[in-house]
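Colleague:
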Amino acid sequence: INYQKFKESKKRKLECSDRSGTIDFGEFLTLMFKIKAGTIDAADNKLVTAILESKNQIKIFSEIEEIKHNPPKYIGVVGYGGVPVLCDFVIQGPKRSAYENGYFGFRVIFEHGYPYKTPTVVFTSRIIAVNVMQLVDGTGLLMHFSRMWDSKWNIRRLLNHVVDILISPDLSLIPPN
855 INYQKFKESK KRKLECSDRS GTIDFGEFLT LMFKIKAGTI DAADNKLVTA ILESKNQIKI
915 FSEIEEIKHN PPKYIGVVGY GGVPVLCDFV IQGPKRSAYE NGYFGFRVIF EHGYPYKTPT
975 VVFTSRIIAV NVMQLVDGTG LLMHFSRMWD SKWNIRRLLN HVVDILISPD LSLIPPN
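Counting along the sequence shown from 1, when you hit position 49 you're at 903 in this note's numbering, and nothing is skipped either side.
#1: What's the C-alpha gap between Leu883 and Asn910?
#2: Given Lys1006, which residues of its chain have a CB within under 8 Å of its CB, disregarding the five upstream and five downstream residues?
#3: Could you spell out where the beta strand (DSSP E) holding Val944 opens and where it closes?
#4: Should the stretch 918-928 be called in touch with the stretch 975-990, which here means at least 3 C-beta pairs below 8 Å?
#5: What residue range does the beta strand (DSSP E) around Gly959 cover?
#6: With H, G and I counted as helix, E and B as strand and the rest as coil, what does DSSP make of Val1017?
#7: Tell me, to the nearest whole angstrom, how far the beta carbon of Tyr934 is from that of Leu1020; I am working on the premise that it is less than 8 Å.
#8: If we ignore side chains and look at the alpha-carbon of each, how far apart do Thr974 and Leu901 end up?
#9: Counting C-beta neighbours from all protein chains within 10 Å, is the total for Val984 16 or more, i.e. buried, or is it exposed?
#10: Going straight from the alpha carbon of Pro1029 to that of Gly930, what length do you get?
#11: Could you tell me the distance, in whole angstroms, from the CA atom of Ile855 to the CA atom of Asp1004?
Here it is as C-alpha cells:
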C-alpha cells in the first residue's frame, strides 16, 4: 500500500465531512436513545460526555439558584460556575455560638458524578472548629464529610450540616487518627 496515497485519501475524507460542530434534531434523538440504552461508550465520545455533564450542571445550578432565592439561615451565595462547578458561599457565624459576628468563606466543588460522587468542601477562610481540620494554607477541611455523604443529600442539606456542626460540634465525627 502506498502510504502517501493513503494519507491523502484520509485528508480528503476529513475535508469533506461537516465540521460545523452542530447536529440536527434527529441525530440528537438517536444519540440520546443510544445513551439511554447503554449502546454507546460515553467515555470515548466527547459529545456524549458534554451532554451528560451539562445535565449534571443544570441540576447543580438549579439547586444553587434555589439557595440564592431561599437561603438557609446564616448562608449566602457569593458566586458559582465553571467546570467542574465551583460555588462559593459565605457563612455568618450562628447566634449564640463561638462564631457569632464572624463571616467565613466556604467552597463546594462538584465533580462529575454529583450527587453520587461526594463534592469537595472546604472553608476558604481560617476557622478554628472541632469538626474542621485546619490546613497550613489557612483553609479548613471537613474530614468526616466523605463518610457521611449520601446521594440523597443536596446542597441545602450540606450547608445545614455545616451550620449545625458550628452550633453544636459533634465529637463522634472526629477521625480516630
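Even glycine gets a Cβ: it sits at the ideal position worked out from N, Cα and C.
Modeller: Taking the geometry as given:
#1: For the purposes of this step, residue 883 is taken as residue 29 along the sequence shown, with counting starting at 1. For the purposes of this step, residue 910 is taken as residue 56 along the sequence shown, with counting starting at 1. Rounded to whole angstroms, Leu883 to Asn910 spans 19 Å at the Cα level.
#2: Indexing the sequence shown from 1 puts residue 1006 at position 152. Result list for Lys1006: Pro969, in chain order.
#3: On the sequence shown, residue 944 is found 90 positions in, with the first residue counted as 1. Here the beta strand (DSSP E) through Val944 covers Val939 to Gln946.
#4: no
#5: Along the sequence shown, one-based indexing puts residue 959 at 105. Tyr957 to Phe964 is the extent of the beta strand (DSSP E) around Gly959.
#6: Along the sequence shown, read from residue 1 onward, the residue named residue 1017 stands at position 163. Helix at Val1017.
#7: In the sequence shown, the residue the question calls residue 934 occupies position 80. In the sequence shown, the residue the question calls residue 1020 occupies position 166. Not confirmed; about 22 Å, so no contact.
#8: The sequence position of residue 974 within the sequence shown is 120, counting from 1. The sequence position of residue 901 within the sequence shown is 47, counting from 1. Computed Cα separation, rounded: 26 Å.
#9: As a working note, residue 984 is residue 130 in the sequence shown. Looking at its Cβ environment, which holds fewer than 16 other Cβ atoms inside 10 Å, Val984 is exposed.
#10: In the sequence shown, counting from the first residue as 1, residue 1029 sits at position 175. In the sequence shown, counting from the first residue as 1, residue 930 sits at position 76. Looking at the two C-alpha atoms, the distance is approximately 29 Å.
#11: On the sequence shown, position 1 is the one that residue 855 refers to. On the sequence shown, position 150 is the one that residue 1004 refers to. Note that Ile855 scores 45 on pLDDT, short of 50, meaning its location in the model is unreliable; the coordinates nonetheless yield the value given after this. The straight-line gap from Cα to Cα measures roughly 57 Å.
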